[in-house]
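Chains as they are written, first to last, in full-length UniProt numbering: chain B, 1 to 344; chain E, 1 to 344; chain F, 1 to 344; chain D, 1 to 344.
Heads up: the structure comes next, in structure tokens.
Protein chains: 4
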Amino acid sequence: MKVAIVGATGYGGIELIRLLRQHRHVTEISVFSSTQAEAPLTSTYPHLQDVYKGILQSMDTEELATEYDVVFLSAPPGVAATLAGNLLEGKAAIVDLSGDFRIKEPSIYEAWYGREAADATITGQAVYGLSEWNQEQISKAKIVANPGCYPTAILLGLAPAVKNNGIDMTSVIIDAKTGTTGAGKNPAPMTHFSEMNESMKIYNVNEHKHTPEIEQQLSEWSEEADAVTFTPHLVPMSRGIMATMYATCTSYSSAQEWIDVYKAAYEAHPFVRVREDGFPATKEVYGSNYCDIFLDYDARTNRLTIVSVIDNLVKGAAGQAIQNANLMNGFEETEGLEFVPIYP
Amino acid sequence: MKVAIVGATGYGGIELIRLLRQHRHVTEISVFSSTQAEAPLTSTYPHLQDVYKGILQSMDTEELATEYDVVFLSAPPGVAATLAGNLLEGKAAIVDLSGDFRIKEPSIYEAWYGREAADATITGQAVYGLSEWNQEQISKAKIVANPGCYPTAILLGLAPAVKNNGIDMTSVIIDAKTGTTGAGKNPAPMTHFSEMNESMKIYNVNEHKHTPEIEQQLSEWSEEADAVTFTPHLVPMSRGIMATMYATCTSYSSAQEWIDVYKAAYEAHPFVRVREDGFPATKEVYGSNYCDIFLDYDARTNRLTIVSVIDNLVKGAAGQAIQNANLMNGFEETEGLEFVPIYP
Amino acid sequence: MKVAIVGATGYGGIELIRLLRQHRHVTEISVFSSTQAEAPLTSTYPHLQDVYKGILQSMDTEELATEYDVVFLSAPPGVAATLAGNLLEGKAAIVDLSGDFRIKEPSIYEAWYGREAADATITGQAVYGLSEWNQEQISKAKIVANPGCYPTAILLGLAPAVKNNGIDMTSVIIDAKTGTTGAGKNPAPMTHFSEMNESMKIYNVNEHKHTPEIEQQLSEWSEEADAVTFTPHLVPMSRGIMATMYATCTSYSSAQEWIDVYKAAYEAHPFVRVREDGFPATKEVYGSNYCDIFLDYDARTNRLTIVSVIDNLVKGAAGQAIQNANLMNGFEETEGLEFVPIYP
Amino acid sequence: MKVAIVGATGYGGIELIRLLRQHRHVTEISVFSSTQAEAPLTSTYPHLQDVYKGILQSMDTEELATEYDVVFLSAPPGVAATLAGNLLEGKAAIVDLSGDFRIKEPSIYEAWYGREAADATITGQAVYGLSEWNQEQISKAKIVANPGCYPTAILLGLAPAVKNNGIDMTSVIIDAKTGTTGAGKNPAPMTHFSEMNESMKIYNVNEHKHTPEIEQQLSEWSEEADAVTFTPHLVPMSRGIMATMYATCTSYSSAQEWIDVYKAAYEAHPFVRVREDGFPATKEVYGSNYCDIFLDYDARTNRLTIVSVIDNLVKGAAGQAIQNANLMNGFEETEGLEFVPIYP
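Here it is in structure tokens:
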């Protein structure tokens, strides 16, 4: 399998390289960049010395379309929208890690993203790559819209409850916490070490663009789906997302019943671990493709509390992208992804 | 003002020393300990060299009752319950930083704390020391039950909404995040640096003992008060609490109306800052007695999101204790507490 | 005392505001900026809401020279060099926190700083503000060159050994570690949280511009002074410097003898604490103007190891600047600086 | 290859599990503990759910000696000394990660470790497992004393300079910095998050027990070897060691010459990367078995500055242990160890 990565200088891009290095079916990895072409990747990322010797190549859509089996697009917003038309004419399976094709309805995309939506034909063709729940569609797809980091943790956490009609869909509140790598490689005041360490922040309250992505998927799962409250926070750590989700219950009335529902839902899915005994910490999935879930039911308030944790750069980005590429290519879903979490 | 601190080796205790050193009316600070008597405090806390030369004295209730103007009790659970009876016979104003006297109803105390409640007569006498809202009662009190760190942030955040009957009291969800000093000085696996750094944790879901303290105060403010969902998280930082609170609105329908309500409520209170423009980060109150609040209203869900941040050791413990002692002694409320946040 | 701060939007500038707020002789603080004039300081630093209400004023050298008693210059390199000539004609005492006037020899300045040296007349007039060792000169000075953060920790640590001729001056090696605030407010890849957390870095090996500043002062203390090895490191914390210094001994042969030498040297200096028993951690001086020192002598190698810690923004910048302004104005050296370290 | 791990509940133990899971020749991993037998490992380390299902077995020396091909001893000090005699009679290759067999001279061991030395016959038989420099001996060994974390970084950094007789052996000063995992799993005041975050510490000055281990190896490489100064520091991060080493040069007089010497020395060694261009940060080897080295020569002082970084739990413990087991078993040195550093 010949693989191309477009936008390899971002954190999603180098995480793809880290993971693909362990993939048994990958024979070649090429990296492309529109902005830094001709430089060795090690000049941006010296930790790749002796690991990856490739030079950043300037974009050549035709080469991408014809020479590679899989093209991962991890470029900034808008780049995939421009490239995808031509790429779709070639042989490569396409996995887009940007948000360009996630939102089906252009007006919603434009309202939340504040930019023009991609060609609706392409977006229509793109399968939403929530691996555990769209497995069949993904395996037949030519292009996959890889989910956002927050939606991955949140949707995996909500799915069994929603699909079992166990919660009041108007009551869903999501309080999410992320490490700083979610904000990308570019230095900015919000993620400046001096002002981020020893600090807990909140941002984009009621206006984060992952909101419509979450709501769109929920509405495919339930006719009762409604607007959700989604609040992102920034935590002084590099990697990890924890989503704490609250909903009023309409069925079941004990934590154990709920745990059983979740265990049944994820039994066949190696990357989702419904925890045996106690809530997970983000560090317990660090560097791995796991999503760990646990929950509690509170009889006093009749509310369910669901907690879901992932490594935002793995299951929340590069790991799930490879999982999807595996499905698209008929490989084992877990190929190249069986990393044990780095702990501590 | 002669001051005694019982339990000076805990984080609350040394924070009292730090703050009282700037207090113009304090003439003497004595420190007492039941476990480490006769040692200089600097042998536990070398950062106090040249600052505080006192020796930890063994407990002498009579001396405490008769020699001091204010006694701060920052000892482990149960110690204050044992001491207070005798202390109340003396002249000292008493501020208890433990949870021994916060819960009025013994059965509720025992259910959540898992230990015997203190003498109901004393608890009945103890005024709940939420300085901004109980000012008058505090100023007449002989003994004050200083609020817990979480309840301080949460109740200051909820008060104007609750007292204005602006929210549905059955809808209150509190997602709170704290730094590790809230867990105290004793090393434990949960706060071991190796396993806490780069990790976001959740704990005591639906069973944290600050829950009844929050509900008790809410029920004094509103007849509609109901059980709340309160979820504490542990963040990789030493100091700081952020409480993110959600409630369905029953009146007002814009963020600005809500901000006006809050500004009016706290106009006369120098330690609560309703923020001008944007949500606060915990670092923005670091080391200070401020509680910073901001909020947003979401028309899509008709929900209010309130965020409140404090330094858990200052406004959440030692700072508010001194603020209460000031009120009890007729000093300026702000005396000894006018620290500017350390930033960054 | 009317005070002006030029360059108040940097970390040194706001630290001056934090400290000056506690200074009993300060009646007014004005802030000036060449780049962001007319904005309230709170738009950059919301933690100053209700604390500091001033508007950033555009630079007016004449006003600075005539209206203020003290002018603190904490602007970027080169600004002080431009302003000082005019300011010196006015009444204000000037404390420059930039490096513009620290190096007496222009060719050395130019070799290490890579920019043109300031007017030699002004540099000649500027007294090096290492408060503990230049007290007399500082108290008579019109303009003080406030020491760099590293040189402060290092020179206070080396002074007694050097002045007692106790070490071989050709053997001095300084391994220094700093928090990220030393790198300033501008976001940069090196201090991007995602790449700085969980990482220890080294930078400017053998070429840091604080090297000649250290050597210049050593050569005033000892005729044997020679080139030193100085290696700066960046540690994942916001505040704090630890300098670990090594030298071969030419006299004394026990740790205790050395400790006695140091205790004698700093007996009269309230901000330097020779530790009683054990080496200091940086957190033990956090937020305070202390410099804590301890040392050990190793008979196996005949080497002295001296460790010195400071808060880089206080004793390493704003605190020492105020200490110098106090000396220049005949106030108590400690005025406005008696903060207890924030611990933990 | 059947593998046993004694002391699997420590950080070294679980890191062995993480790495061995990727090792193609490992067919079985059993874990033993003297203190927590019969419990599933996941009750201590929930991140291993679905990854490692083994139960901690109580120690059975005979089983260890006869049933396994490799026994990794990662138990507390003294345990290996007790077990090794019996184990040596069995078939297993033994790699001891404790310090029990590193020091050849019992009196030196006892002076630095403050406990009785192991049986001299066994210690005599144990080969020091610095993989890159003792490859041949290791491949023939029955028992390997795996190097300490600090000595690994330090000796790999010093070796080429020492073996080329390029430095004055009386001038060697080692300033080393480690993350907290080096201090192990047991919670302690020194590594309590609240007091470790935002703090730089120094400990065991001139008395760390890795000192004689370093000196012993240096004296095998050079007749001029002498006592070294070795100073360990604790940095607020979980993983990583940076050793900054200083020595006066006796030959070569440019950084480039030195880099060439180092490149030649490590050309054939895949886990030591002499960096192309600039000093390494610890995060650049995070989670990997790499040791990255860079250096500078300063003509002003005629000193060489060598910097070496490792992940203390990988190349400094479990990774090098597996590397040694590979050599002992005739596998590829890199088997199971080709992880790309996790960055950021």
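We put the CB at the ideal spot given by N, CA and C, even for glycine.
Query, Result
"The segment 160-180 of chain F touching the segment 241-248 of chain F, judged by at least three CB pairs closer than 8 Å", "yes"
"Positions along the segment 261-276 of chain E whose CB lies within less than 7 Å of some CB in chain D", "none"
"Below-8 Å beta-carbon distance, H25(B) vs any chain D residue", "no"
"C-beta contact flag for K283(D) and G240(D) at 8 Å", "yes"
"I306(E) at chain B interface by Cβ criterion, 8 Å", "no"
"Distance CB(G129(E))-CB(N146(E)) smaller than 8 Å", "yes"
"Residues of its chain near A255(E), where Cβ-Cβ distance is below 7 Å and the 5 sequence neighbours each way are ignored", "L295, D296, Y297"
"Cutoff 8 Å: S238(F) Cβ touching any chain E Cβ", "yes"
"Per-residue burial, P77(E) [other beta carbons within 10 Å of its own, 16 or more giving buried]", "exposed"
"Interface flag, T181(B) vs chain D, CB-CB below 8 Å", "yes"
"Length of the line joining the Cα atoms of L20(E) and V314(E)", "12 Å"
"Paired residues, beta bridge with Y297(B) - DSSP", "L304(B)"
"CB contact flag (A281(D), M237(F), <8 Å)", "no"
"C-beta neighbour in chain B for N312(F), strict 8 Å", "no"
"Cβ neighbour criterion (16 or more within 10 Å) applied to A299(E)", "exposed"
"Cβ pair A93(D), K142(D) closer than 8 Å", "yes"
"Validate contact between the segment 207-222 of chain B and the segment 269-276 of chain B using beta carbons, cut 8 Å, 3 pairs", "no"
"Listed by chain order, chain B residues near A281(E) by CB distance under 7 Å", "S199, M200, K201"
"Span separating the alpha-carbon of T44(D) from that of A265(F)", "52 Å"
"Supposed contact pair S98(D) and residue 357(D) - C-beta distance, whole angstroms, cut 8 Å", "With chain D running from 1 to 344 in the structure shown, residue 357(D) is simply not present."
"CB contact below 8 Å: R18(E) versus chain F", "yes"
"Start and end residues, alpha helix (DSSP H) containing M169(F)", "Segment: none, M169(F) is in no alpha helix (DSSP H) and carries neither H nor E."
"Residue range of the unbroken beta strand (DSSP E) whose run includes L234(B)", "229-234"
"Per DSSP, cross-strand counterpart(s) of D292(D)", "R273(D), V309(D)"
"Proximal residues of chain D, C-beta to C-beta of D296(F) below 7 Å", "V205, N206"
"Residue closest to A8(E), alpha-carbon to alpha-carbon, out of N326(E), A318(E), L337(E)", "A318(E)"
"Top-ranked residue by Cα proximity to D69(D), from A325(D), F271(D), L337(D), V340(D)", "A325(D)"
"Distance CB(T301(B))-CB(A161(E)) smaller than 8 Å", "no"
"N86(F) burial status per 10 Å Cβ neighbour count (16 or more: buried)", "exposed"
"Of the listed residues G157(E), E67(E), S33(E), nearest to E132(E) (C-alpha basis)", "G157(E)"
"Own chain residues within Cβ distance below 6 Å of A126(B), not counting five before or after", "F101, I143, A145"
"Proximal residues of chain E, C-beta to C-beta of Q49(F) below 7 Å", "R273, R275, E276"
"Length of the line joining the Cα atoms of H192(E) and F193(D)", "6 Å"
"Three-state class that DSSP yields for H47(B) in the structure shown", "helix"
"P40(F), DSSP secondary structure in three states", "strand"
"Continuous alpha helix (DSSP H) assignments of at least 4 residues falling wholly in the UniProt domain \"Semialdehyde dehydrogenase NAD-binding\" (2-141) of chain B", "11-20, 61-67, 79-87, 106-113, 120-125, 135-140"
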